[in-house]
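Participant:
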Amino acid sequence: MRDAVTVEIAVQQLPGGPGRPSTVIGLRSGQSAVLGWCGCGRCQGIHRIPQEHGITVRITAEQDQWRLCNLSTMPIVVEDMEDPDLVITIPADRRLVAVTIELAQVRALHRGFAQPALKIFGPAQRSVDEPTVCAAPTHHSPQLNEDTRYFATLVALCAPRLRESPVATLPTAREIAEMFTAIGQPTTQRAVDSHLDAIRARLKLIGEPREALATEAIRCGIVRRDHLDILPTP
Numbered sequence: 019m020r021d022a023v024t025v026e027i028a029v030q031q032l033p034g035g036p037g038r039p040s041t042v043i044g045l046r047s048g049q050s051a052v053l054g055w056c057g058c059g060r061c062q063g064i065h066r067i068p069q070e071h072g073i074t075v076r077i078t079a080e081q082d083q084w085r086l087c088n089l090s091t092m093p094i095v096v097e098d099m100e101d102p103d104l105v106i107t108i109p110a111d112r113r114l115v116a117v118t119i120e121l122a123q124v125r126a127l128h129r130g131f132a133q134p135a136l137k138i139f140g141p142a143q144r145s146v147d148e149p150t151v152c153a154a155p156t157h158h159s160p161q162l163n164e165d166t167r168y169f170a171t172l173v174a175l176c177a178p179r180l181r182e183s184p185v186a187t188l189p190t191a192r193e194i195a196e197m198f199t200a201i202g203q204p205t206t207q208r209a210v211d212s213h214l215d216a217i218r219a220r221l222k223l224i225g226e227p228r229e230a231l232a233t234e235a236i237r238c239g240i241v242r243r244d245h246l247d248i249l250p251t252p
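Basically my numbering = 1-based index in the sequence shown + 18.
(1) Excluding the 5 residues preceding and the 5 following A186 in the sequence, name in chain order all residues of the same chain whose CB lies nearer than 6 Å to its CB.
(2) Pick helix, strand or coil for D165, following the three-state DSSP scheme.
(3) Between which residues of its own chain and Y168 is the CB-CB distance below 7 Å, once the five residues before and five after are set aside?
(4) From E97 to S50, what does the alpha carbon distance come to, in whole angstroms?
(5) Is it the case that the Cβ atoms of V42 and I77 are separated by a distance below 8 Å?
(6) State the CB to CB distance for the pair L86 and I119, rounded to an integer number of angstroms; the pair is presumed to be in contact (CB under 8 Å).
(7) Cα separation between A116 and I27?
(8) Where DSSP assigns a beta bridge to L45, which residues make up the other side?
(9) CB G72 to CB W84, shorter than 8 Å?
(10) Considering only residues of the same chain and omitting the five flanking positions on each side of I248, which have a CB-CB separation below 7 Å?
(11) Pull up the distance between the alpha-carbon of R112 and that of R125, whole angstroms please.
(12) Could you give the DSSP three-state label for I119: helix, strand or coil?
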């Protein structure tokens, strides 16, 4: 059984250094995890968030959504990584708030950090007319929602190898962002990187280079040549 929810904890920024690697936690449906800052250092069962973020939460995975308990003393916000206008504010001590955002980031409301404390990769939302059983499954790869920006970003990454050759040079995050912006779908290099990170988490390729991501997506049939129709003609 694959994880229903993947949580990535922000790296701790160290003076004069790159910081420690981020921590990634996988939760299956029904499982939960407490993430936050412990001042005493002796609390058991808590996944540490760098102190500067100042939040403590419990994330619970469910089949088609996830729930968040704000255990902090301040409000927190949950932001949709695909739609900056979709923001949920959760007051202090609010429990079991249902969240259906697939790609989210969590931060303290009143702290102006550029980096979120957490990134949450939640369950893909099932279309209302999607059949409950696939008619002809061809592989066991995770299903990605083809109507999302993160899927279009993956197609854009793989496009040269679908159009030209299996060894074609892949576009950079900046080039992908410029392509979407040019067709009236403004985005940023940072957003492109976030979308690709989300897909890496789904495919269990966290930390792998873009080449490995593209190779796996094409090999498993997650991205096919007919998906190029969602991109502008070069």
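We put the CB at the ideal spot given by N, CA and C, even for glycine. Please read all numbers here as calculations on a predicted model, not as lab measurements.
Facilitator: Reading off the structure:
(1) Closer than 6 Å at Cβ, skipping near neighbours: P178, R179.
(2) D165: coil per DSSP, three-state reduction.
(3) Excluding residues within five positions, the ones whose Cβ falls inside 7 Å are E100, L121, H213, A216, I217.
(4) Taking the CA atoms as reference points, E97 sits about 20 Å from S50.
(5) Taking C-beta atoms as the reference points, V42 and I77 fail to come closer than 8 Å.
(6) With 8 Å as the limit, L86 and I119 do not qualify as a contact, their Cβ atoms being about 10 Å apart.
(7) In a straight line, the C-alpha of A116 is about 20 Å away from that of I27.
(8) In the DSSP assignment, L45 forms a beta bridge with V23.
(9) Result no, Cβ atoms of G72 and W84 do not sit closer than 8 Å.
(10) Only A170, V173 meet the Cβ criterion.
(11) Going from the Cα of R112 to the Cα of R125 covers about 15 Å.
(12) Coil at I119, not helix or strand.
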